[in-house]
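Chemist: Take a look at the following structure, please.
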Amino acid sequence: MAPAGVRRKVGVVGYGRLGQSLVSRLLAQGSELGLELVFVWNRDPGRMAGSVPPSLQLHSLTALGERHPDLVVEVAHPKIIQESGAHILRHANLLVGSPSALADQTTQQQLLAASHHWGHAMFVARGALWGTEDISRLDAAGGLQSLRVTMATHPDGFRLEGPLATTHSTGPRTVLYEGPVRGLCPFAPRNSNTMAAAALAAPSLGFDNVIGVLVADLSLADMHVVDVELRGPPGPTGRNFAVHTHRENPAEPGAVTGSATVAAFWRSLLAGAEGSMSQAPGARPSPPSVYHERQRLELCAVHALNNVLQQQLFSQEAADEICKRLAPDSRLNPHRSLLGTGNYDVNVIMAALQGLGLAAVWWDRRRPLSQLALPQVLGLILNLPSPVSLGLLSLPLRRRHWVALRQVDGIYYNLDSKLRAPEALGDEDGVRAFVAAALARGLCEVLLVVTKEVEEKGCWLQTD
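Residue numbers (my numbering): 142 to 605.
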């Protein structure tokens, strides 16, 4: 799978049943597959004693960068993704084995931001979810109306928390939970990963609209049963397209992971390692895919945030929530339009970025733009005066408008949501010229989007 003489370095986080199986396979088959195991980490290091060579044992995830991994495979617990996922993405591609962690919106946004900033990919293991690719294709085509995932096993196979931990079976088959997957993940973090994978495979429905059902069945002592039911739009006869898959996954009594899931994780690891391979020498890279949201209502601040981060991380609802946090006691919120159509101010943008572990730094227009250290900057958000129009009629009015500038594959783009498509600005000289022209027209403010580390060190500014 790797070019001759090139080995892809893999680290494994977690040494339970899944981790032990992956480590064993990497040690036995890694060499012939072009893979090299460079570390194994477990919250309880004693569990690795006698089975993992001491040279491969990593005692702190903060030191994983010293092993120079190409891919890190997480098979531990959702808390590890929440605590260390962004740090891992700073150094390597990440295969997430606990996708229930992404039900937490802050965690998901932080990981996506880290992935974009450091240029490392994040993959999600398919685990026990059957038909992931088909679900994704149907969703992308706009043909997915509903998705329901039911997981049933013996009560001993559950590791439940919070209110679900005190729920008891009332008969041979008891429904412990039925509702949005987002509501299940915090209380069944190790038993909801299949449902979380389904929510990620169908972003049009997501964690709030994919339905998860958790069932305790006394007859399933050595098996996990997963049913996936999906419906598409009605056809010419009025009948809906529908698919129902039923998967029976053998499992040891009381085990969280079924035997078929182990094999699925190994295939996900191989796919992730393949994805982390560099472009072959001389090959032409594919054209850059530039994310660009078009203007809707007065949501230019939301569009600018998503465009500068190259991902749909924020919505009008998320921005409204930030407004409420900024002014909880105000009847008329000063940070948005009174009409509820958007028009968010800079405080909303700064708070949104802070929630991702990023910062917005005001650029002093009196400084020469030659002092702007663009390689240290994730992107720029400009606040510009913009004409107001009524249909084809241009009115003699000016409104404030947020515009994102971002580099993608070495080219800077103007991602103004009022443009039909991204406008290429060229290299650093091109983006400096664009910003200089905007500042020269007056009434323009510039925000630099940077990491907290860059903000604290002030290295967004070149002083020599």
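Each residue gets a CB set at the ideal place from its N, CA and C atoms; glycine is no exception.
What you are looking at is a predicted structure, and each value in this text was computed from that prediction instead of being measured.
Mind checking which residues open and close the alpha helix (DSSP H) that includes ALA492?
Modeler: Residue mapping note: residue 492 aligns to position 351 of the sequence shown, counting from 1. From DSSP, the alpha helix (DSSP H) with ALA492 extends over 487 to 495.
Chemist: Under the assumption that LEU163 contacts VAL237 (Cβ atoms under 8 Å), give the Cβ distance between them as a whole number of angstroms.
Modeler: Counting from 1 along the sequence shown, the entry for residue 163 is found at position 22. Counting from 1 along the sequence shown, the entry for residue 237 is found at position 96. Going by Cβ atoms, the distance from LEU163 to VAL237 rounds to 14 Å, so no, they are not a contact pair.
Chemist: So what does DSSP say about PHE382, is it helix, strand or coil?
Modeler: On the sequence shown, position 241 is the one that residue 382 refers to. DSSP places PHE382 in strand when its eight states are reduced to three.
Chemist: Mind reading off the beta-carbon distance from PRO295 to ALA362? Whole number of angstroms is fine, and I expect it under 8 Å.
Modeler: As a first step, residue 295 must be located in the sequence shown, where it is residue number 154. As a first step, residue 362 must be located in the sequence shown, where it is residue number 221. Contrary to the premise, residue 295 reads as His rather than Pro in this sequence. So it is a contact: roughly 5 Å between Cβ atoms.
Chemist: Return helix, strand or coil for LEU536, following the three-state DSSP convention.
Modeler: Taking the first residue of the sequence shown as position 1, residue 536 is located at position 395. Summary for LEU536: the model assigns pLDDT 34, below 50, so the residue's position carries little reliability; its value from the coordinates is reported in the next sentence. Here LEU536 sits in strand by DSSP.
Chemist: If you pair each beta-carbon of the region 342 to 360 with each one of the region 262 to 282, do three or more pairs fall below 8 Å?
Modeler: Verdict: yes, contact present.
Chemist: Thinking C-beta only, is ALA574 closer than 9 Å to ASP557?
Modeler: Reading the sequence shown from its first residue, position 416 is the one you call residue 557. Reading the sequence shown from its first residue, position 433 is the one you call residue 574. Taking 9 Å as the Cβ cut-off, ASP557 and ALA574 do not qualify as a contacting pair.
Chemist: Use the C-beta contact count for TRP504: other C-beta atoms within 10 angstroms, 16 or more gives buried, fewer gives exposed.
Modeler: The residue given as residue 504 occupies position 363 in the sequence shown. The residue is buried, with at least 16 neighbouring Cβ atoms inside 10 Å.
Chemist: State buried or exposed for ARG408, treating a residue as buried only when at least 16 other CB atoms are found within 10 Å of its CB.
Modeler: If you number the sequence shown from 1, residue 408 lands on position 267. With fewer than 16 other Cβ atoms within 10 Å, it is exposed.
Chemist: For the putative contact between LEU199 and HIS228, defined by C-beta atoms under 8 Å, what is the C-beta separation to the nearest angstrom?
Modeler: Looking up residue 199 in the sequence shown gives position 58. Looking up residue 228 in the sequence shown gives position 87. 13 Å between Cβ atoms; not a contact.
Chemist: Which term fits GLY376, buried or exposed, when burial requires 16 or more other beta carbons within 10 angstroms of its beta carbon?
Modeler: Translated into positions along the sequence shown, residue 376 becomes position 235. Exposed, because fewer than 16 other Cβ atoms sit within 10 Å of the Cβ of GLY376.
Chemist: Alpha carbon to alpha carbon, how far is VAL403 from LEU159?
Modeler: Taking the sequence shown and counting its residues from 1, one reaches residue 403 at position 262. Taking the sequence shown and counting its residues from 1, one reaches residue 159 at position 18. VAL403 and LEU159: Cα-Cα distance of roughly 6 Å.
Chemist: Output the distance between the C-alpha atoms of GLY157 and ARG466, rounded to the nearest integer angstrom.
Modeler: Within the sequence shown, the letter at position 16 stands for residue 157. Within the sequence shown, the letter at position 325 stands for residue 466. Distance between the alpha carbons of GLY157 and ARG466 is about 41 Å.
Chemist: Just tell me which of GLY187, VAL366, VAL590 has its CA closest to the CA of GLY496.
Modeler: To locate residue 496, count along the sequence shown from 1; it is residue 355. The shortest C-alpha separation from GLY496 is found at VAL590.
Chemist: What are the boundary residues of the alpha helix (DSSP H) that ASN484 is part of?
Modeler: Start at 1 with the first residue of the sequence shown, and residue 484 comes out as number 343. Here ASN484 belongs to no alpha helix (DSSP H), and DSSP marks it neither H nor E.
Chemist: With burial defined as no fewer than 16 other Cβ atoms inside 10 Å of the residue's Cβ, what is the status of GLY379: buried or exposed?
Modeler: Numbered from its first residue, the sequence shown carries residue 379 at position 238. It is exposed - the Cβ of GLY379 has fewer than 16 other Cβ atoms within 10 Å.
Chemist: What did DSSP end up calling GLN420 once you bin it into helix, strand or coil?
Modeler: The count along the sequence shown starts at 1 and reaches residue 420 at position 279. Since pLDDT at GLN420 reaches only 31, below the 50 mark, its modelled position is unreliable, and no value is offered.
Chemist: Which residues in the same chain have their Cβ closer than 6 Å to the Cβ of ASN332, if we skip the five residues on either side of it in sequence?
Modeler: Within the sequence shown, the letter at position 191 stands for residue 332. The answer, listed in chain order, is PHE299.
Chemist: Which residue from VAL595, ARG541, LEU285, VAL153 puts its Cα closest to that of VAL587?
Modeler: By one-based count along the sequence shown, residue 587 stands at place 446. Comparing Cα positions, the closest option is ARG541.
Chemist: Measuring only the C-alpha atoms, how far is ALA493 from VAL549?
Modeler: Taking the sequence shown and counting its residues from 1, one reaches residue 493 at position 352. Taking the sequence shown and counting its residues from 1, one reaches residue 549 at position 408. In a straight line, the C-alpha of ALA493 is about 22 Å away from that of VAL549.
Chemist: Could you name the residues of the same chain whose beta carbon sits closer than 6 Å to that of GLN170, not counting the 5 residues immediately before and after it, in chain order?
Modeler: Within the sequence shown, residue 170 is the residue found at index 29, counting from 1. Counting only Cβ-Cβ distances below 6 Å, and skipping sequence neighbours, we find nothing.
Chemist: Tell me the start and end of each unbroken beta strand (DSSP E) in the region 285 to 327 that is at least 3 residues and wholly inside, in chain order.
Modeler: Runs of the beta strand (DSSP E) inside the region 285 to 327: 287 to 294, 314 to 321.
Chemist: Determine, using beta carbons only, whether LEU235 and SER256 come nearer to each other than 9 Å.
Modeler: Against the sequence shown, residue 235 aligns to sequence position 94. Against the sequence shown, residue 256 aligns to sequence position 115. Yes; because the gap between Cβ atoms is below 9 Å, this pair is in contact.
Chemist: Does the beta-carbon of CYS585, which I'm using as the reference point, lie nearer than 8 Å to any heavy atom of the ligand GDP?
Modeler: For the ligand GDP, the structure offers nothing, since it holds no ligand at all.
Chemist: Taking the C-alpha atoms as reference points, what is the distance between ARG314 and GLY413?
Modeler: Looking up residue 314 in the sequence shown gives position 173. Looking up residue 413 in the sequence shown gives position 272. Distance between the alpha carbons of ARG314 and GLY413: 38 Å.
Chemist: What does DSSP give as the partner residues of PRO210 in its beta bridges?
Modeler: For the purposes of this step, residue 210 is taken as residue 69 along the sequence shown, with counting starting at 1. Paired residues: none, contrary to the question.
Chemist: Out of GLY347, GLY272, GLN436, TRP259, which has the shortest C-alpha to C-alpha gap to GLN517?
Modeler: Here residue 517 corresponds to residue number 376 of the sequence shown, with the count starting at 1. It is TRP259 whose Cα lies nearest to the Cα of GLN517.
Chemist: Kindly indicate which three-state DSSP category LYS465 falls into: helix, strand or coil?
Modeler: Translated into the one-based positions of the sequence shown, residue 465 becomes position 324. Here LYS465 sits in helix by DSSP.
Chemist: Between LEU446, LEU438, HIS444, which lies nearest to SER478 when the distance is taken from Cα to Cα?
Modeler: As a working mapping, residue 478 is identified with position 337 in the sequence shown. If we check each option's Cα against that of SER478, LEU438 comes out closest.
Chemist: When you compare only the Cα positions, how much space is there between ASP211 and ARG507?
Modeler: For this step, residue 211 is matched to residue 70 along the sequence shown. For this step, residue 507 is matched to residue 366 along the sequence shown. Going by the C-alpha atoms only, they are around 43 Å apart.
Chemist: So, helix, strand or coil for ASN447, using DSSP?
Modeler: Here residue 447 refers to the residue found at position 306 of the sequence shown. DSSP places ASN447 in helix when its eight states are reduced to three.
Chemist: Which of the three DSSP states, helix, strand or coil, is assigned to ASN474?
Modeler: Translated into the one-based positions of the sequence shown, residue 474 becomes position 333. In this structure, ASN474 counts as coil in the three-state DSSP scheme.
Chemist: Going by other Cβ atoms of all chains shown within 10 Å of its Cβ, with 16 needed for buried, is VAL153 buried or exposed?
Modeler: Taking the first residue of the sequence shown as position 1, residue 153 is located at position 12. So VAL153 counts as buried.
Chemist: Quick test of your reading: GLN451 and ARG388, contact by CB under 8 Å. State the CB separation rounded to the nearest angstrom.
Modeler: Mapped onto the sequence shown, residue 451 falls at position 310. Mapped onto the sequence shown, residue 388 falls at position 247. Rounded, the Cβ-Cβ distance is 35 Å, inconsistent with contact.
Chemist: Please state if the CB of PHE328 and the CB of ALA337 are separated by a distance shorter than 9 Å.
Modeler: As a position in the sequence shown, residue 337 is number 196, starting the count at 1. As a position in the sequence shown, residue 328 is number 187, starting the count at 1. No; because the gap between Cβ atoms is not below 9 Å, this pair is not in contact.
Chemist: Can you tell me where the alpha helix (DSSP H) with GLY567 in it begins and where it stops?
Modeler: Mapped onto the sequence shown, residue 567 falls at position 426. Run containing GLY567: none in the alpha helix (DSSP H); it sits in the beta strand (DSSP E), 564 to 567.
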